[in-house]
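To start, the structure under review is shown below, and the notes come after it.
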Amino acid sequence: MSWLARLLDRKSPPAQRMAEALAAWKEGDYGVALDLWAPLAHEGNPRAQSNMGAAFLEGRGVEQDHAKAVDWLRRAAEQGDAGGQRNLALCHYEGWGVPQDHAEAARLYECAALQGDADAQDMLSWMKLLGGGCPQDYVGARQWAEKAAANGRAAAMARLGDIHHNALGVERDADAAARWWQRAARLGHPEAQAMLGAAYLAGKGVPRDVVEALHWLRRAEMNGAGELAAGFLKEARAHAKPSQRAEAERRAEEPLA
29 MSWLARLLDR
39 KSPPAQRMAE
49 ALAAWKEGDY
59 GVALDLWAPL
69 AHEGNPRAQS
79 NMGAAFLEGR
89 GVEQDHAKAV
99 DWLRRAAEQG
109 DAGGQRNLAL
119 CHYEGWGVPQ
129 DHAEAARLYE
139 CAALQGDADA
149 QDMLSWMKLL
159 GGGCPQDYVG
169 ARQWAEKAAA
179 NGRAAAMARL
189 GDIHHNALGV
199 ERDADAAARW
209 WQRAARLGHP
219 EAQAMLGAAY
229 LAGKGVPRDV
239 VEALHWLRRA
249 EMNGAGELAA
259 GFLKEARAHA
269 KPSQRAEAER
279 RAEEPLA
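The numbering used here puts the first residue of the sequence shown at 29, with every later residue one more than the last.
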(Lines of atoms letter the chains of each structure in order from A; the text may use other names.)
(Lines give C-alpha, C1' and ligand atoms only; values in the text may rest on other atoms or scores of the structure.)
Protein backbone atom coordinates (compact mmCIF):
# COMPACT_ATOMS: atom_id res chain seq x y z
CA MET A 29 0.00 0.00 0.00
CA SER A 30 1.37 3.48 -0.89
CA TRP A 31 1.92 6.16 1.76
CA LEU A 32 -0.96 8.13 0.27
CA ALA A 33 -3.29 5.16 0.48
CA ARG A 34 -2.25 4.55 4.07
CA LEU A 35 -2.78 8.21 4.85
CA LEU A 36 -6.31 8.07 3.48
CA ASP A 37 -7.06 4.91 5.43
CA ARG A 38 -8.40 6.57 8.58
CA LYS A 39 -9.97 3.30 9.71
CA SER A 40 -6.63 1.71 10.55
CA PRO A 41 -5.91 1.46 14.29
CA PRO A 42 -4.07 4.39 15.94
CA ALA A 43 -1.08 2.16 16.78
CA GLN A 44 -0.73 1.23 13.12
CA ARG A 45 -0.92 4.85 12.01
CA MET A 46 1.66 5.80 14.65
CA ALA A 47 4.00 3.10 13.40
CA GLU A 48 3.52 4.15 9.77
CA ALA A 49 4.16 7.78 10.69
CA LEU A 50 7.36 6.86 12.51
CA ALA A 51 8.55 4.83 9.53
CA ALA A 52 7.86 7.78 7.22
CA TRP A 53 9.70 10.14 9.59
CA LYS A 54 12.76 7.89 9.65
CA GLU A 55 12.75 7.83 5.85
CA GLY A 56 12.68 11.63 5.75
CA ASP A 57 9.05 11.84 4.64
CA TYR A 58 8.25 14.43 7.30
CA GLY A 59 5.11 15.75 5.64
CA VAL A 60 3.58 12.28 5.43
CA ALA A 61 4.48 11.60 9.07
CA LEU A 62 2.90 14.84 10.21
CA ASP A 63 -0.25 14.22 8.19
CA LEU A 64 -0.59 10.91 10.02
CA TRP A 65 0.25 12.31 13.44
CA ALA A 66 -1.88 15.47 13.27
CA PRO A 67 -5.35 13.84 13.49
CA LEU A 68 -4.16 11.57 16.30
CA ALA A 69 -2.68 14.55 18.15
CA HIS A 70 -5.96 16.46 17.87
CA GLU A 71 -7.75 13.38 19.21
CA GLY A 72 -5.53 13.55 22.29
CA ASN A 73 -2.87 10.90 21.59
CA PRO A 74 0.07 12.04 23.79
CA ARG A 75 2.83 10.47 21.72
CA ALA A 76 1.45 12.05 18.54
CA GLN A 77 1.27 15.39 20.37
CA SER A 78 4.86 14.97 21.50
CA ASN A 79 5.97 14.18 17.95
CA MET A 80 4.12 17.19 16.58
CA GLY A 81 5.87 19.35 19.15
CA ALA A 82 9.25 17.93 18.21
CA ALA A 83 8.57 18.64 14.53
CA PHE A 84 7.77 22.31 15.24
CA LEU A 85 10.77 22.51 17.57
CA GLU A 86 13.16 21.24 14.90
CA GLY A 87 11.41 22.71 11.86
CA ARG A 88 11.03 19.37 10.11
CA GLY A 89 8.09 19.10 7.73
CA VAL A 90 6.82 22.46 9.02
CA GLU A 91 8.25 25.90 9.58
CA GLN A 92 10.04 26.07 12.92
CA ASP A 93 7.70 27.58 15.48
CA HIS A 94 8.66 27.40 19.16
CA ALA A 95 5.27 28.63 20.37
CA LYS A 96 3.44 25.85 18.54
CA ALA A 97 6.05 23.38 19.72
CA VAL A 98 5.44 24.36 23.33
CA ASP A 99 1.68 24.08 22.88
CA TRP A 100 1.90 20.49 21.61
CA LEU A 101 4.64 19.48 24.03
CA ARG A 102 2.70 20.81 27.01
CA ARG A 103 -0.36 18.78 25.99
CA ALA A 104 1.79 15.66 25.77
CA ALA A 105 3.68 16.39 28.99
CA GLU A 106 0.48 16.92 30.95
CA GLN A 107 -0.59 13.42 29.90
CA GLY A 108 2.71 12.00 31.15
CA ASP A 109 4.54 11.48 27.87
CA ALA A 110 8.25 11.30 28.70
CA GLY A 111 9.41 12.63 25.34
CA GLY A 112 7.05 15.58 25.64
CA GLN A 113 8.28 16.29 29.15
CA ARG A 114 11.92 16.16 28.04
CA ASN A 115 11.44 18.43 25.04
CA LEU A 116 9.29 20.85 27.02
CA ALA A 117 12.07 20.92 29.62
CA LEU A 118 14.50 21.88 26.86
CA CYS A 119 12.21 24.74 25.84
CA HIS A 120 12.14 26.04 29.42
CA TYR A 121 15.91 25.60 29.75
CA GLU A 122 16.66 27.55 26.55
CA GLY A 123 13.74 29.98 26.71
CA TRP A 124 12.24 28.74 23.44
CA GLY A 125 8.57 29.72 23.20
CA VAL A 126 8.41 30.28 26.97
CA PRO A 127 10.32 32.44 29.45
CA GLN A 128 13.60 30.81 30.43
CA ASP A 129 13.06 28.87 33.65
CA HIS A 130 15.76 26.41 34.72
CA ALA A 131 13.82 25.30 37.79
CA GLU A 132 10.85 24.27 35.64
CA ALA A 133 13.26 22.60 33.22
CA ALA A 134 14.75 20.56 36.07
CA ARG A 135 11.27 19.57 37.27
CA LEU A 136 10.25 18.37 33.83
CA TYR A 137 13.53 16.57 33.22
CA GLU A 138 12.98 14.71 36.49
CA CYS A 139 9.46 13.71 35.44
CA ALA A 140 10.85 12.22 32.23
CA ALA A 141 13.88 10.72 33.98
CA LEU A 142 11.66 8.88 36.45
CA GLN A 143 10.00 7.21 33.46
CA GLY A 144 13.35 5.93 32.21
CA ASP A 145 14.07 8.56 29.54
CA ALA A 146 17.85 8.29 29.15
CA ASP A 147 18.42 11.78 27.72
CA ALA A 148 16.43 13.32 30.57
CA GLN A 149 18.41 11.27 33.10
CA ASP A 150 21.64 12.54 31.56
CA MET A 151 20.54 16.18 31.59
CA LEU A 152 19.17 15.97 35.12
CA SER A 153 22.49 14.50 36.28
CA TRP A 154 24.36 17.41 34.72
CA MET A 155 22.03 20.00 36.27
CA LYS A 156 22.35 18.44 39.73
CA LEU A 157 26.13 18.34 39.40
CA LEU A 158 26.28 22.07 38.64
CA GLY A 159 23.33 23.15 40.78
CA GLY A 160 21.56 24.69 37.80
CA GLY A 161 17.81 25.05 38.30
CA CYS A 162 17.97 22.76 41.33
CA PRO A 163 20.13 22.45 44.46
CA GLN A 164 23.61 21.09 43.83
CA ASP A 165 23.45 17.39 44.65
CA TYR A 166 26.53 15.27 43.94
CA VAL A 167 24.85 12.06 45.10
CA GLY A 168 21.83 12.66 42.88
CA ALA A 169 24.08 13.65 39.98
CA ARG A 170 25.97 10.36 40.29
CA GLN A 171 22.84 8.26 40.65
CA TRP A 172 21.15 9.76 37.60
CA ALA A 173 24.38 9.53 35.61
CA GLU A 174 24.58 5.84 36.48
CA LYS A 175 21.04 5.33 35.17
CA ALA A 176 21.80 7.24 31.96
CA ALA A 177 25.08 5.34 31.53
CA ALA A 178 23.20 2.05 31.90
CA ASN A 179 21.05 3.28 29.00
CA GLY A 180 24.15 3.87 26.88
CA ARG A 181 24.69 7.62 27.24
CA ALA A 182 28.39 8.36 26.73
CA ALA A 183 28.18 11.83 28.28
CA ALA A 184 26.92 10.31 31.51
CA MET A 185 29.80 7.82 31.50
CA ALA A 186 32.29 10.65 31.03
CA ARG A 187 30.63 12.60 33.86
CA LEU A 188 30.96 9.60 36.16
CA GLY A 189 34.65 9.53 35.36
CA ASP A 190 34.90 13.18 36.37
CA ILE A 191 32.88 12.57 39.55
CA HIS A 192 35.23 9.81 40.70
CA HIS A 193 38.33 11.72 39.60
CA ASN A 194 37.33 14.91 41.42
CA ALA A 195 35.83 13.16 44.48
CA LEU A 196 32.43 14.79 44.05
CA GLY A 197 30.28 13.09 46.67
CA VAL A 198 32.45 9.96 46.55
CA GLU A 199 35.95 8.99 47.61
CA ARG A 200 38.54 9.79 44.96
CA ASP A 201 38.93 6.64 42.86
CA ALA A 202 41.36 6.71 39.94
CA ASP A 203 40.44 3.17 38.87
CA ALA A 204 36.73 3.95 38.66
CA ALA A 205 37.41 7.23 36.86
CA ALA A 206 39.54 5.50 34.23
CA ARG A 207 36.95 2.74 33.74
CA TRP A 208 34.18 5.25 33.09
CA TRP A 209 36.33 7.40 30.81
CA GLN A 210 37.31 4.30 28.86
CA ARG A 211 33.68 3.30 28.32
CA ALA A 212 32.80 6.80 27.12
CA ALA A 213 35.96 7.11 25.03
CA ARG A 214 35.18 3.91 23.16
CA LEU A 215 31.79 5.41 22.29
CA GLY A 216 33.55 8.43 20.78
CA HIS A 217 33.18 10.99 23.58
CA PRO A 218 36.01 13.51 22.92
CA GLU A 219 36.49 14.84 26.47
CA ALA A 220 36.55 11.30 27.87
CA GLN A 221 39.16 10.41 25.27
CA ALA A 222 41.31 13.32 26.45
CA MET A 223 40.96 12.35 30.10
CA LEU A 224 41.69 8.70 29.36
CA GLY A 225 44.81 9.76 27.49
CA ALA A 226 45.86 11.84 30.48
CA ALA A 227 45.25 8.85 32.76
CA TYR A 228 47.52 6.67 30.62
CA LEU A 229 50.15 9.40 30.60
CA ALA A 230 50.16 9.64 34.40
CA GLY A 231 49.53 5.97 35.08
CA LYS A 232 46.46 6.74 37.19
CA GLY A 233 43.80 4.05 37.15
CA VAL A 234 45.54 2.38 34.21
CA PRO A 235 49.16 1.32 33.60
CA ARG A 236 51.40 4.13 32.39
CA ASP A 237 51.55 3.78 28.60
CA VAL A 238 52.76 6.64 26.43
CA VAL A 239 51.50 5.03 23.22
CA GLU A 240 47.97 4.62 24.56
CA ALA A 241 48.19 8.12 26.01
CA LEU A 242 49.06 9.58 22.61
CA HIS A 243 46.49 7.40 20.89
CA TRP A 244 43.57 8.66 22.99
CA LEU A 245 44.80 12.23 23.10
CA ARG A 246 45.04 12.31 19.32
CA ARG A 247 41.50 10.94 19.04
CA ALA A 248 40.33 13.67 21.39
CA GLU A 249 42.10 16.31 19.33
CA MET A 250 40.62 15.02 16.07
CA ASN A 251 37.14 14.88 17.61
CA GLY A 252 37.09 18.45 18.84
CA ALA A 253 38.62 18.34 22.34
CA GLY A 254 41.98 19.72 21.24
CA GLU A 255 42.05 22.45 23.87
CA LEU A 256 41.61 19.94 26.70
CA ALA A 257 44.13 17.54 25.17
CA ALA A 258 46.78 20.10 24.17
CA GLY A 259 48.90 20.21 27.32
CA PHE A 260 48.82 16.44 27.76
CA LEU A 261 49.69 15.93 24.09
CA LYS A 262 52.75 18.16 24.37
CA GLU A 263 54.00 16.20 27.38
CA ALA A 264 53.25 12.81 25.83
CA ARG A 265 55.06 13.68 22.61
CA ALA A 266 58.07 14.85 24.60
CA HIS A 267 58.32 11.42 26.26
CA ALA A 268 57.58 9.30 23.18
CA LYS A 269 60.03 7.85 20.70
CA PRO A 270 59.35 8.37 16.98
CA SER A 271 58.22 4.74 16.66
CA GLN A 272 55.79 5.20 19.56
CA ARG A 273 54.35 8.35 18.05
CA ALA A 274 53.86 6.54 14.74
CA GLU A 275 52.11 3.62 16.45
CA ALA A 276 49.83 6.00 18.35
CA GLU A 277 48.88 7.75 15.11
CA ARG A 278 48.10 4.39 13.51
CA ARG A 279 45.79 3.45 16.40
CA ALA A 280 44.10 6.84 16.33
CA GLU A 281 43.21 6.40 12.66
CA GLU A 282 41.53 3.02 13.23
CA PRO A 283 37.75 2.82 13.68
CA LEU A 284 36.67 2.30 17.28
CA ALA A 285 35.68 -1.28 17.95
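Here a beta-carbon is modelled for each residue, glycine too, at the ideal position from N, C-alpha and C.
Buried or exposed for residue i, please, with buried defined as at least 16 other CB atoms from any protein chain shown within 10 angstroms of its CB.
i: Trp-116; result: Note on identity: in this sequence residue 116 is Leu, with Trp being the wrong assignment. The residue in question, Leu-116, is buried, as its Cβ has 16 or more Cβ neighbours within 10 Å.
i: Pro-218; result: buried
i: Leu-157; result: buried
i: Asn-194; result: exposed
i: Leu-64; result: buried
i: Ser-271; result: exposed
i: Arg-200; result: exposed
i: Ala-43; result: exposed
i: Ala-47; result: exposed
i: Leu-256; result: buried
i: Val-234; result: buried
i: Glu-138; result: buried
i: Lys-269; result: exposed
i: Gly-81; result: buried
i: Ala-33; result: Since pLDDT at Ala-33 reaches only 43, below the 50 mark, its modelled position is unreliable, and the value read off the structure follows with that caveat. By the 10 Å Cβ count, Ala-33 comes out exposed.
i: Gly-125; result: buried
i: Gln-353; result: Since the first and last residues shown for the chain are 29 and 285, residue 353 lies out of range.
i: Gln-92; result: exposed
i: Gln-128; result: exposed
i: Lys-7; result: Outside the shown range of the chain (29 to 285) lies residue 7, about which nothing can therefore be said.
Just to confirm before moving on: does the CB-CB distance between residue i and residue j stay below 8 angstroms?
i: Pro-74; j: Ala-104; result: yes
i: Arg-214; j: Leu-188; result: no
i: Ala-204; j: Gly-225; result: no
i: Met-250; j: Ala-280; result: yes
i: Lys-232; j: Ala-202; result: yes
i: Leu-118; j: Ala-134; result: no
i: Phe-260; j: Leu-284; result: no
i: Tyr-341; j: Leu-136; result: For residue 341 there is no data in the structure shown, the boundaries of the chain being 29 and 285.
i: Gly-89; j: Ala-61; result: yes
i: His-267; j: Val-239; result: no
i: Ser-78; j: Leu-101; result: yes
i: Ala-131; j: Gly-108; result: no
i: Asp-145; j: Ala-183; result: no
i: Glu-277; j: Arg-246; result: yes
By DSSP, does residue i sit in helix, in strand, or in coil?
i: Cys-119; result: helix
i: His-70; result: helix
i: Pro-41; result: coil
i: Val-290; result: Nothing can be reported for residue 290: it is not among the residues displayed for the chain, which extend from 29 to 285.
i: Arg-88; result: coil
i: Gln-210; result: helix
i: Gln-113; result: helix
i: Leu-215; result: coil
i: Pro-270; result: helix
i: Cys-139; result: helix
i: Asn-251; result: coil
i: Gln-171; result: helix
i: Asn-194; result: coil
i: Gln-77; result: helix
i: Ala-97; result: helix
i: Gly-189; result: helix
i: Glu-48; result: helix
i: Leu-152; result: helix
i: Arg-295; result: It is not possible to answer for residue 295, since the shown part of the chain is limited to 29 through 285.
i: Lys-232; result: coil
i: Leu-157; result: helix
i: Gln-164; result: coil
i: Leu-284; result: coil
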